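Residue numbers for the sequence shown follow this note's numbering, beginning at 12 and rising by one.
The beta carbon of each residue, even a glycine, is placed where N, CA and C say it ideally should be.
Predicted model, so just to flag it, every value in this text is computed and none were measured.
The block underneath contains the structure these notes are about, expressed in structure tokens.
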Amino acid sequence: MLNAQKCIGHSYKNIELLRTALTHSSYANEYKIKDNERLEFLGDSVLSIIISDYIFKKLQNVNEGDLTKFRATLVCEQSLAEVAKKINLGSLIRLGRGEEKSGGRERASVVSDAFEAVLASIYLDAGMETARKWLLNLMQDEIVEVLQGKRYGDYKTMLQERIQHGNVGKVTYRVVKEFGKDHNKTFEVEVLVDGLVKNKGVGKSKKEAEQMAAHKTLLDLDKNENI
12 MLNAQKCIGH SYKNIELLRT ALTHSSYANE YKIKDNERLE FLGDSVLSII ISDYIFKKLQ
72 NVNEGDLTKF RATLVCEQSL AEVAKKINLG SLIRLGRGEE KSGGRERASV VSDAFEAVLA
132 SIYLDAGMET ARKWLLNLMQ DEIVEVLQGK RYGDYKTMLQ ERIQHGNVGK VTYRVVKEFG
192 KDHNKTFEVE VLVDGLVKNK GVGKSKKEAE QMAAHKTLLD LDKNENI
């Protein structure tokens, strides 16, 4: 756990908190130990309050609707997975054999959940102020990009406008998978153009998953110039 502490950037008083935060349910099931899902539940709330507080104070003249969209962009699964790469979190997670073989270390849902669990572990170990400094330091680049408008956008609307402008067809979305406990569902959504699947997105809500699917499709459009 010494290497894990160095990667994460926090020296724990209670190292068991970190050990639990890095324990995926697949590993916990194999070895009959505690997984990180309770910490993930707490971390989700800690993440939300820290980001909400920061952008509320930083953006004095922004309305509630736009604040909500800024926050959603920052705390979405994909964003957290990207931030987690800065501390090589994927390599630190304890995974079961099946999850390891299926590429769990690279799966955004696994890594982002572990990130929330680690945040909760720091909060419990050292308090809110330490957790706040740790999170904002890691996410500073992402926060700046969102505040500059580089990441912020209603991707569904942007995709719809792009498709209509190119006279390509109709955009629709459908949920293909739901997983996780009732209080912490994750959704996988496909985006279709004229009934043909173009991409998938994953999120903590159907709307977030749709936005992720739309965003990926927009990136593909930028690369290929056509759909």
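Assuming residue 229 and residue 169 are in contact, meaning their beta carbons sit under 8 Å apart, how far apart are those beta carbons, in whole angstroms?
6 Å
Count the C-beta pairs between the segment 125-141 and the segment 20-35 that are closer than 8 Å, then say yes if the count reaches three, no if not.
yes
Quick one, are the C-beta atoms of residue 127 and residue 189 less than 8 Å apart?
no
Whose C-beta lies closer than 6 Å to the C-beta of residue 104 among residues of the same chain, with five residues either side of it excluded?
33, 35 and 125
Helix or strand or just coil, what does DSSP make of residue 107?
coil
Quick check on the DSSP output: the beta strand (DSSP E) that includes residue 201 runs from which residue to which?
197-204
When you compare only the Cα positions, how much space is there between residue 15 and residue 175?
C-alpha separation (whole angstroms): 49 Å.
Where does residue 148 land, buried or exposed, given buried means 16+ other C-beta within 10 angstroms?
exposed
How many whole angstroms separate the CB atoms of residue 70 and residue 58, which I take to be in contact at a CB cut-off of 8 Å?
At roughly 18 Å, the Cβ-Cβ gap does not stay under 8 Å, so residue 70 and residue 58 are not in contact.
Using the C-alpha atoms, what's the distance from residue 166 back to residue 223?
8 Å
Using C-beta distances below 7 Å, list every residue in its chain close to residue 133, excluding the 5 sequence neighbours before and after it, in chain order.
Cβ neighbours of residue 133 beyond the five flanking positions: 21, 141, 142 and 145.
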